[in-house]
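As structure tokens, the structure follows; a few thoughts come after it.
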Amino acid sequence: MCLGIPGQIIRVDDVARKLATVEISGVRRQVNIACVVNEEHPVESCVGDWVLVHVGFAMSRINEQEAAETLKILTELGEAQAEMEAMRLSAVH
Amino acid sequence: MKFADEFRDREKAKALVCEIEKLANRIEITKTRPLNIMEVCGGHTHSIFRYGLEGMLPPTIELVHGPGCPVCVLPMGRVDDCVAIAERPGVIFTTFGDAMRVPGSKKSLIQAKADGADVRMVYSPMDALALARNNPDREVVFFGLGFETTMPSTALTILQAEADGVTNFSVFCNHITIVPTIKAILDSPDLHLDGFLGPGHVSMVIGTAPYEFIAEFYKRPMVVAGFEPLDVLQSIWMLLKQISDGRAEVENQYTRIVPEHGNDPALAAVGKVYELREFFEWRGLGSIDHSGVKVREAYARFDAERKFIVPNVRIADPKSCQCGEVLKGVLKPWQCKVFGSACTPEMPLGALMVSPEGACAAYYQYGGIKRHSALEPAVDHS
Ligand code: SF4
């Protein structure tokens, strides 16, 4: 819950609601990007950004290399697998 | 499970440990007792155990595992409130997976689910909001849990529910805030700490300025740290450097993620939706002033505490539980009488045994117990 997981924004889904699709180790999931946008970096310009995702919210922009290293560490910690599992199991119906 | 001890840059880590040892030997205090360094955040506790960092450090440094695991500090009464809400007809109670097994006075959420309550694990509060949209005839409650790292996520979800006119969604807010907690620990008479590893992702939201009082008033150094093994070791080195120079400052080792001023949109959402509670009850630590937040009046219709009457009873922890002492770092997990016997990750008695970020579960899983109990009896370094 507290470590977060890096992912790349591949598509903006809803500009008004600030929702985008992020790819995390091949898994896609919609996240809220309100915390990583501002006037200089509007929602529309986010595609391609690497972000640190906590409980479905992009909380910080990170560079690509940093993202890869963090992901590797989280995989070793078993944290990445746990996050993916939680995403997969999340009940929305 | 095995230690992930083959982390990259092992050589660099060894070199750092060597420097740490040299510095520690130069610090006067270490002639009479080890330096006590508290990692405030459960994420750090997890990394420290996973990588066996404690075992790499010289005996002149003692790591004290702080209260920074939100699941671990949840008092029994609040779990009972969750169960009471979850058992109301028509309610879908949603929670992060970590909280499912925290014991209440009668049952945990997972037991409530087995007894027929509609309790569902979600990854994100947004998923709970989606559930509310998909089930307009049900009341969907999200169990809001965590420090400032997750606080913006529930605040933004409430703002989204408002914008979309969703009326069957609410949050049972149990968010807690880090600064009053650190202050309570610093004011605790039975504990002597020489420095803090600051929480990386809480600081990503709040920035580093809120910690200045630790340096200014308590004259203790703090280094906001990342979660990789080298981050943790480098931060410990930075702390020791401060101590040996006679400085007490707030430094930021994790600059790649933590901006000094924090995250503006996140703080704005939190400020809009939440306000400080006068006090909040912590498992093991008792009541701490201004340590929790509640939903503001303007968003009362999204507040499960107002929407449903919750019992809100204070329940004392079981007598054999020593979670409080462990949380404050006065006792090591393996010194608790029920550790590994009446309290195990399978059948937790205390919450520190539930979450992988809890000190007891970490010790239990990664074998810290063996190394330490062989090394030393119960000690109080204060
Ligand atoms: S062993 Fe169990 S009861 Fe004892 S401090 Fe740890 S979690 Fe609490």
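Residue numbers (the numbering used here), protein chains in the order written: chain A, 59 to 151; chain B, 903 to 1284. For each residue, glycine too, the CB sits at the ideal point set by N, CA and C.
Exercise for the section: For the ligand SF4, enumerate in chain order all residues having a CB closer than 6 Å to any of its heavy atoms. Expected result: Chain-ordered list of matching residues: B/C1223, B/Q1224, B/C1225, B/V1228, B/P1235, B/C1238, B/V1240, B/F1241, B/C1245, B/L1251, B/G1252, B/L1254, B/M1255 and B/C1262.
Handout entry: Closer than 7 Å at the beta carbon, the chain A residues around B/L1229
Key = Within chain A, no C-beta atom comes nearer than 7 Å to that of B/L1229; the closest sits roughly 16 Å away.
Exercise for the section: Below 8 Å on the Cβ atoms is my guess for B/G992 versus B/R1040; work out the distance and round it to an integer in Å. Expected result: Correct: roughly 6 Å between the Cβ atoms.
Problem - chain A contacts from the region 1003–1037 of chain B (Cβ-Cβ distance under 8 Å) - result: Answer in chain order: R1022, M1023, V1024, Y1025, S1026, P1027, M1028, D1029, A1032, L1033 and N1036.
Exercise for the section: Please list, in chain order, all residues of the same chain as B/R1122 whose beta carbon is under 8 Å from its beta carbon, the five residues on each side excluded. Expected result: L1088, L1095, D1096, G1097, F1098, I1116 and A1150.
Problem - Coil, strand or helix - B/R1122 by DSSP - result: Secondary structure of B/R1122 (DSSP, three-state): coil.
Exercise for the section: Give a yes or no on whether 8 Å exceeds the smallest Cβ distance from A/I82 to chain B. Expected result: Under the 8 Å criterion on CB atoms, A/I82 is classed as non-interfacial with respect to chain B.
Problem - Residues that DSSP places opposite A/D72 in a beta bridge - result: Bridge partners of A/D72: A/L77.
Problem - Per-residue burial, A/K54 [other beta carbons within 10 Å of its own, 16 or more giving buried] - result: Lying outside 59 to 151, the shown extent of chain A, residue 54 of chain A is not represented and no answer is given.
Exercise for the section: Could you check if A/A74 is buried or exposed, using at least 16 other CB atoms within 10 Å of its CB as the buried criterion? Expected result: So A/A74 ends up on the exposed side.
Exercise for the section: Can you pull the chain A residues whose beta carbon is under 9 Å from the beta carbon of B/E1248, in chain order? Expected result: Chain A residues near B/E1248: none, gap ~18 Å exceeds 9 Å.
Practice task
Please list, in chain order, all residues of the same chain as A/Q66 whose beta carbon is under 6 Å from its beta carbon, the five residues on each side excluded.
Solution key: Within the same chain, A/Q66 has close Cβ partners E81 and W108.
Exercise for the section: For A/R69, go through chain B and note every residue whose CB falls closer than 8 Å to its CB, in chain order. Expected result: Going along chain B, no residue has its Cβ under 8 Å from A/R69, so there is no contact; the nearest lies around 17 Å.
Exercise for the section: Under 8 Å between beta-carbons, which chain B residues line up against A/H112? List them in chain order, please. Expected result: Below the 8 Å Cβ cutoff, chain B contributes T1051, T1052, S1055 and H1103 as neighbours of A/H112, in chain order.
Handout entry: Within-8 Å CB hit, B/K904 to chain A
Key = Its pLDDT being 39, under 50, B/K904 is placed unreliably by the model, and nothing is read from it.
Exercise for the section: Could you run through the region 116–148 of chain A and flag, in chain order, every residue whose CB is less than 9 Å away from some CB of chain E? Expected result: Absence of chain E from the displayed structure is noted, the protein chains being A and B.
Problem - Short CB-CB distance (under 8 Å) between B/L1058 and chain A - result: Yes - at least one Cβ of chain A is within 8 Å of the one on B/L1058.
Problem - CB contact flag (B/I1078, B/F1182, <8 Å) - result: Against a cut-off of 8 Å, the Cβ pair of B/F1182 and B/I1078 comes out as a contact.
Exercise for the section: Identify every run of the alpha helix (DSSP H) within the region 1055–1126 of chain B, keeping only runs that are complete inside it and at least 4 residues long; order them along the chain. Expected result: List check, alpha helix (DSSP H) in window: 1080–1089, 1102–1108 and 1114–1118.
Practice task
Please check if any C-beta of chain A sits within less than 8 Å of the C-beta of B/G954.
Solution key: Taking Cβ atoms only, chain A never reaches closer than 8 Å to B/G954, which makes this a no.
Handout entry: C-beta contact flag for A/V101 and A/M145 at 8 Å
Key = Going by C-beta atoms, A/V101 is not nearer than 8 Å to A/M145.
Handout entry: Minimum C-alpha distance to B/I1083 - residue among B/V1125, B/W1184 and B/P1258
Key = With the sequence shown as reference, residue 1083 of chain B is identified as Thr, and Ile is not the correct amino acid for it. Per the C-alpha coordinates, the member of B/V1125, B/W1184 and B/P1258 positioned closest to B/T1083 is B/W1184.
Exercise for the section: Please determine if the region 1218–1229 of chain B and the region 1192–1200 of chain B are in contact, where contact requires at least 3 C-beta pairs separated by less than 8 Å. Expected result: Verdict: no, contact absent.
Exercise for the section: Look at B/L1187 and B/L1229 and say whether their C-beta atoms are less than 8 Å apart. Expected result: Taking 8 Å as the Cβ cut-off, B/L1187 and B/L1229 qualify as a contacting pair.
Handout entry: is_contact[B/N1076, chain A] using C-beta, thresh 8 Å
Key = B/N1076 is outside the set of residues whose beta carbon lies under 8 Å from a beta carbon in chain A.
Handout entry: Member of B/S1007, B/L959, B/L1142 and B/G1242 whose CA lies at the smallest distance from the CA of B/G979
Key = Of all alpha-carbon atoms in B/S1007, B/L959, B/L1142 and B/G1242, the one lying nearest the alpha-carbon of B/G979 is that of B/S1007.
Exercise for the section: Can you check the region 973–1001 of chain B for any alpha helix (DSSP H) of at least 4 residues that lies completely inside it and give the ranges in chain order? Expected result: Segments of the alpha helix (DSSP H) lying fully in the region 973–1001 of chain B: 978–988.
Exercise for the section: Could you name the residues that DSSP lists as bridge partners for B/Y1176? Expected result: DSSP lists B/V1197 as partners of B/Y1176.
Exercise for the section: Taking B/P899 and B/S1055 to be in contact with their CB atoms under 8 Å, please state how far apart those CB atoms are, rounded to whole angstroms. Expected result: Because chain B here runs from 903 to 1284, residue 899 of chain B falls outside it and cannot be looked at.
Handout entry: Simplified DSSP state of B/S1295, which is helix, strand or coil
Key = Residue 1295 of chain B cannot be examined here, being either before or after the span of chain B that is shown, 903 to 1284.
Exercise for the section: Look at the Cβ atom of B/K914, then the Cβ atom of B/S1072, and state whether they are nearer than 8 Å. Expected result: At the C-beta level, B/K914 and B/S1072 stay beyond 8 Å of one another.
Practice task
Note down, in chain order, all residues in the region 90–105 of chain A with a beta-carbon under 9 Å from any beta-carbon belonging to chain B.
Solution key: Contact annotation: in the region 90–105 of chain A, residues whose CB is within less than 9 Å of a CB in chain B are N90, A92, C93, V94, V95 and N96.
Problem - Straight-line Cα distance separating B/V1175 from B/I1060 - result: Each residue's alpha carbon lies about 8 Å from the other.
Exercise for the section: Could you name the residues of the same chain whose beta carbon sits closer than 8 Å to that of A/A124, not counting the 5 residues immediately before and after it, in chain order? Expected result: Reading off the sequence, residue 124 of chain A comes out as Glu, not Ala. Closer than 8 Å at Cβ, skipping near neighbours: P64 and W108.
Practice task
Measure the alpha-carbon distance for B/F1204 versus B/T1069 and round it to whole angstroms.
Solution key: Rounded to the nearest whole angstrom, the CA to CA distance from B/F1204 to B/T1069 is 8 Å.
Exercise for the section: Check whether the Cβ atoms of B/I939 and B/I922 sit closer than 8 Å, and answer yes or no. Expected result: No, the pair does not count as a contact, with Cβ atoms beyond the cut-off.
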